[in-house]
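Each residue of the sequence shown is one higher than the one before, counting from 18 in the numbering used here.
Inspection log for the structure reproduced underneath, given as structure tokens.
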Amino acid sequence: MFNKINILFWVLLFSGSTLAAQENIVKLNPKEVEAYKTQCHQMIEYLQGTLNFLGNPANPPAEKEIIINNSYRKIFKNDKVQIEGDLDAYRAVPINKDVQAYLKDVVFFFKKVTFTFHINSIAPLLTPRGQIYFKVTLNRNLKGITVEGDSVENNRLRYIEINLNAEENSLKIASIYTDKPNEDVEVQYWWNHLSPAWKDYFGKSIRVYDSLPLNKIIFFNDSSLVVEIRKIISVTDTLSPDSADVQPVEDSLLVVNDSVQIIQDTMVLKNPGLMLQLIRYLRNSREIDISGNLEINNLAPLSEMDNLRSLNCSHTLIDDLTPLRSLSKLQTLDITGCPVETLEPLLYVSALQEIDAAYTELRNVEVVENLKNLETLNLAHTGVDSLPNLKNLQNLRTLELDATPLQSVDSLTSLTRLTNLNIAKSAVKDFVPLAKLTALQSLNLDSTTITDLRPLSALDSLTVLQINGTRITNLLPLARLSSLKYIYCDNSGINSKAATTFNKINPQVQVIYNSKKLEKWWKALPEVWKNIFVSHANLSKPITKEQLHKLLLLKKLNLRGNTEVRSLKPLAMLIQLKELNISGTSVRNLEPLASVRTLRRLDVSHTRIQSLSPLQRLRNLRTINIKHTAIRDLLPLAHIGNLTLVLADSTRVKQKNVFALEKYLPKCLVLFQTPQLKLWWNNLEKPWQEAFSQQMELDNPPTAEQLQQLVNRKRISVSNHMDIENVEPITIFAHLVTLKLDNTGITDITPVIGLKRLKYLSITNSPLWDITGLASMKQLESLNLQNTSVEDLHSLQGMHYMQKLNISGTRVKNLKPLAGLSNLRELVINNTRVGSLKYVMPLSRLTLLRCDHTLLRERKVAKFKEKHPKTKVIFY
């Protein structure tokens with residue numbers, strides 16, 4: 018139904034006459050004005066249809082979501098269009114909302130609602146800049162049933178401003194309001210109606226007007242503010258002559274019986290703009306963390322915080338998420354331990370990436386099937402006993418369902434990218450559907466009824482499996498899982514014999530069937546390592562088995578500058594370690610890291626490490642820092658396909674070592690000569706700096722990465738720089754394959770003879786005359802010397818790889834040096850003094866010869882053609 022309204026509106030909208038737009042102020046004749054007014058009328062009808070579609074409970078939520086997230090753009094200027102709220106007839110202060118938030122409110126405020134628009138007038142107006150817009154005045158009738166079951170019906174005069182873009186012949190709604198928006202009043206109203214607990218959260222640590230705590234301001238307007246002050250009221254004490262005998266206390270020198278009362282005081286507000294600016298800043302917060310705050314029991318103030326990205330209200334008394342329904346930018350939500358019973362208000366909060374709802378009162382989570390951007394969902398320790406179809410959650414990576422009454426995992430089969438699943442202590446009985454979750458890396462089946470691991474036998478990405486407290490007696494179905502590293506099976510049917518049998522087939526897997534092994538590992542650790550782990554994993558004494566398991570999941574470890582660290586053997590147990598910094602430690606050997614396959618970033622700078630061989634199988638490694646080490650050989654890194662950056666300044670790494678690595682990892686950037694490159698750049702003449710800046714985008718000054726990327730380029734092209742007279746700066750480009758210099762002041766090419774990879778050289782329209790330096794560049798395949806002062810080609814003798822040669826416009830007379838260039842395919846000699854083709858006659862592979870405007874006679878050219886019938890000859 019909605020699609021039909023959509024198509025009809027746009028057919029009508031674009032059927033109007035095409036009106037020409039002028040350069041500055043558009044002037045419309047009466048006929049054009051009427052045409053646009055007609056389109057405005059059609060747009061209002063379309064808006065009415067849109068709101069009624071959203072207010073109709075019979076329409077699918079998925080189609081409503083499309084309108085809220087995408088289709089609204091067809092009639093609204095952008096997502097920042099402000100609409101004054103009119104859905105709550107009893108609201109005292111007007112509140113403006115972004116268009117998407119308003120559309121969501123239509124869905125959430127009502128079980129059913131109908132809008133009727135009666136247009137009173139459509140008037141063309143001019144902005145202060147002379148731009149035409151249309152102001153629609155209409156009566157809006159709203160009739161519906163609220164979510165509380167109350168029947169409502171009211172009428173309100175509304176104004177809609179529609180912008181005109183005459184050049185594009187388009188109209189877009191720019192604002193909808195009853196009264197002209199007053200943002201200052203909104204800001205004041207928001208703060209003045211905050212509960213004391215919320216005022217404490219936002220303002221307890223903020224001082225205004227030098228010493229006044231912001232949370233003590235309970236009200237403010239344009240001229241004054243009301244503050245809360247504490248005043249000591251003297252009742253009876255021994256210091257007062259009037260009360261000295263009222264309450265005599267024996268053996269007491271002094272009795273104080275005062276009381277403290279909280280009273281309000283009104284102050285003159287000298288700078289209201291400062292207060293408004295501060296409150297606006299608070300309302301634009303991106304993160305809110307009220308975890309553990311039992312004074313806050315509702316989220317009402319957040320409904321107007323459109324910029325909010327992250328909310329942590331865990332372990333509070335929050336039981337209603339309704340204020341979050343219009344927060345379209347919210348990405349992270351933590352409601353752990355809250356008495357929340359439903360996630361329905363999150364239906365259209367489509368940006369959500371992470372929801373932590375453990376230990377809540379949830380039972381039904383149907384709404385999550387619409388949250389397509391969800392990456393992490395934690396429903397542990399809830400009453401959820403079934404899951405909706407999650408086929409739309411293709412971004413979901415982590416799902417926590419432990420300690421729930423969940424009975425089936427059938428709805429998870431479409432989650433082919435899920436990497437972490439926890440269904441420990443659940444009521445699941447059939448585990449066969451897990452076979453389809455081929456991306457799983459971590460699976461927790463602790464204390465479930467599983468007795469057979471065959472459904473997991475094809476989970477090739479599985480790294481960690483937990484089956485503690487199960488009746489599993491055989492691990493052999495997992496024997497071929499090459500990625501598997503750890504199996505936790507404490508208090509299960511796995512004994513020493515079963516573990517040994519499995520390890521004979523798959524020795525790289527550590528089977529923890531007895532946690533005493535882990536405890537033994539911990540006990541054997543040097544004290545320095547115990548202190549490190551306690552600090553980085555936030556362990557607390559006494560160290561329990563659970564804490565040790567938590568330690569194994571450590572992802573980042575920074576040991577920078579810790580000279581007490583001499584060995585990395587304890588790290589072999591850290592199965593999820595991704596970042597490790599051992600810079601400045603006393604480590605000499607990286608062998609223990611060979612088993613830490615999860616590493617992505619590694620810093621071994623300023624150590625005595627000499628070899629990278631233990632790292633050759635760390636396929637997840639992205640970045641490695643080996644600065645200030647004795648490392649020379651980079652080839653152990655050759656098969657790490659994900660490696661993109663090697664920081665190797667102040668090492669023994671040379672250009673040949675970099676070339677060797679690049680054969681295997683051509684996209685990996687190795688920074689090994691940064692000080693030299695910075696010196697080189699600083700000493701460059703300005704014309705060369707300008708020329709290089711045209712090759713790629715460079716900062717001023719360039720970064721180390723940019724300088725290395727520049728000199729790694731395989732192609733350099735410089736043109737129209739007559740102020741460039743030498744090629745010395747090019748000598749540092751060891752990767753260079755193609756060099757083009759056109760219209761420059763180059764006279765000598767000798768400096769480039771050291772570029773052993775250079776194959777294509779073009780120096781044209783320049784005063785170059787001496788090419789003797791090219792004699793040693795036997796690898797050249799193409800040479801272009803067009804319009805230079807070159808006379809002698811003897812330097813080209815013996816260039817057997819040469820395939821293309823262009824010497825047009827030079828002073829060359831004799832082609833004798835070319836006689837041995839047996840691979841030459843193309844030869845261009847037009848506009849030269851050449852008078853004989855005798856020496857190129859034997860070149861049987863020539864496919865093109867251009868020799869017009871030379872001293873050649875037609876007879877000689879004809880003779881050449883006769884001997885080379887397949888060669889294309891251009892001569893006239």
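For every residue, glycine included, the Cβ atom is placed at its ideal position computed from N, Cα and C.
Pairwise C-alpha distance: residue j and residue i
i	j	result
Leu479	Ser459	6 Å
Lys887	Ile824	22 Å
Glu51	Asp96	28 Å
Leu568	Ser552	11 Å
Ala368	Arg342	12 Å
Lys889	Asp666	53 Å
Lys114	Leu694	54 Å
Glu40	Gln148	Since pLDDT at Glu40 reaches only 40, below the 50 mark, its modelled position is unreliable, and the value read off the structure follows with that caveat. C-alpha separation (whole angstroms): 12 Å.
Val535	Ile511	The sequence given here places Leu at residue 535; Val does not occur at that position. If I take the Cα positions, the gap works out to 16 Å.
Pro356	Ala655	54 Å
Tyr63	Gln483	56 Å
Residue i - DSSP class collapsed to helix/strand/coil
i	result
Met284	strand
Gly33	Unreliable positioning characterises Gly33 in this predicted model, as indicated by a pLDDT of 37, which lies under 50. A coordinate reading is not provided.
Leu911	The chain is shown only over 18 to 893; residue 911 falls outside these bounds and no answer can be derived.
Gln411	coil
Lys128	strand
Tyr218	helix
Gln943	Shown here, the chain extends from 18 to 893; a query on residue 943 therefore has no answer.
Gly161	strand
His58	helix
Asn512	coil
His885	coil
Leu270	Because the pLDDT at Leu270 is just 46, under 50, the model does not fix this residue reliably, and the value given afterwards should be weighed accordingly. Note: Leu270 maps to coil in three-state DSSP.
Ala140	strand
Arg434	coil
Ala15	Shown here, the chain extends from 18 to 893; a query on residue 15 therefore has no answer.
Arg90	helix
Gln483	strand
Leu854	coil
Asn186	coil
Lys880	helix
Gln264	The predicted model places Gln264 with a pLDDT of 48, which falls under 50 and marks its position as unreliable; any figure quoted below should be read in that light. It is coil, neither helix nor strand.
Test item: CB-CB of residue i and residue j under 9 Å
i	j	result
Lys346	Asn324	yes
Lys877	Leu844	no
Ala375	Thr393	no
Asn381	Glu417	no
Met858	Leu838	no
Ile85	Lys121	yes
Lys160	Thr131	yes
Ser464	Lys442	yes
Leu286	Ser240	yes
Phe125	Leu319	no
Leu651	Pro631	no
Glu361	Glu378	no
Leu638	Asn659	yes
Leu492	Ala475	no
Residue i CB to nearest heavy atom of the ligand ATP below 8 Å
i	result
Leu71	This structure lacks the ligand ATP; in fact it carries no ligand of any kind.
Extent of the continuous alpha helix (DSSP H) run through residue i
i	result
Asn329	Per DSSP, Asn329 belongs to no alpha helix (DSSP H); it is in the beta strand (DSSP E), Ser327 to Asn329.
Gln6	Any property of residue 6 remains undetermined from this structure, which presents the chain solely from 18 to 893.
Asn505	One point to set straight first is that residue 505 is Tyr, not Asn, in the sequence displayed. Careful: Tyr505 lies outside any alpha helix (DSSP H), inside the beta strand (DSSP E) at Tyr503 to Tyr505.
Tyr298	Pro289 to Arg300
Ser710	Lys703 to Ser710
For residue i, the first and last residue of its enclosing beta strand (DSSP E)
i	result
Ser734	Arg732 to His738
Phe237	Ile234 to Phe237
Own chain partners of residue i with C-beta closer than 6 Å, once the 5 adjacent residues on each side are dropped
i	result
Val663	Ile641 and Val687
Asn737	Asn760
Leu813	Pro834
CB contact below 9 Å: residue i versus chain E
i	result
Phe219	Within the model displayed, chain E is absent; a lone protein chain is all it includes.
Close Cβ partners of residue i (< 7 Å) along its chain, the five nearest in sequence each way excluded
i	result
Arg605	Arg625 and Ile626
His752	Asn729, Arg730, Lys731 and Arg774
Asn238	Gln205
Close Cβ partners of residue i (< 8 Å) along its chain, the five nearest in sequence each way excluded
i	result
Gln726	Leu686 and Met713
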